[in-house]
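Numbering (this note's numbering), first residue to last: 22 to 156. No residue lacks a Cβ here, since even glycine has one placed at the ideal position from N, Cα and C. Written out below as structure tokens is the structure these notes cover.
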């Protein structure tokens, strides 16, 4: 093989890395922007207030659940007063062919008075309250 016609390239020069300057003092860092602290406070306040409202809502729901869970026992007492009068009359009348017939007249008078007493007790409280209602 003949390498005479082959183009020949010279190798590239070596890379030289410049040395850092001999200045030991670095430039000061820029101050942080002043607006970020203000937004953080606003976010913290709203999250805190939201948490307080959430806890208040949970407490209200808990008290409504406890109030609804209490069982009411209603005991009814019925009193009846019945006043009954019966009046019977017997008459003997002349029939159509001259025979005698007996006619009975019964008059019945019934009065009913009803008295209902309700005793309502709430179960599940520390002290029992009874409410008497009469109709």
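Pull up the CB-CB distance for residue i and residue j, whole angstroms please, since I reckon it's below 8 Å.
i: residue 142; j: residue 94; result: 5 Å
According to the Cβ coordinates, are residue i and residue j closer than 7 Å?
i: residue 101; j: residue 135; result: yes
i: residue 125; j: residue 105; result: no
i: residue 127; j: residue 121; result: no
Going by C-alpha distance, which of the options is nearest residue i?
i: residue 132; options: 114, 77 and 107; result: 107
i: residue 99; options: 37, 140 and 52; result: 140
Going along the chain, which residues of its own chain have a beta-carbon closer than 7 Å to the beta-carbon of residue i, five neighbours each way excluded?
i: residue 116; result: 122
Using a Cβ-Cβ cutoff of less than 6 Å, which residues in the same chain neighbour residue i once the five nearest sequence positions on both sides are dropped?
i: residue 130; result: 106
> Can you list, in chain order, the stretches of the beta strand (DSSP E) that have 3 or more residues and sit fully within the stretch 82 to 140?
Replying inline: 92 to 115
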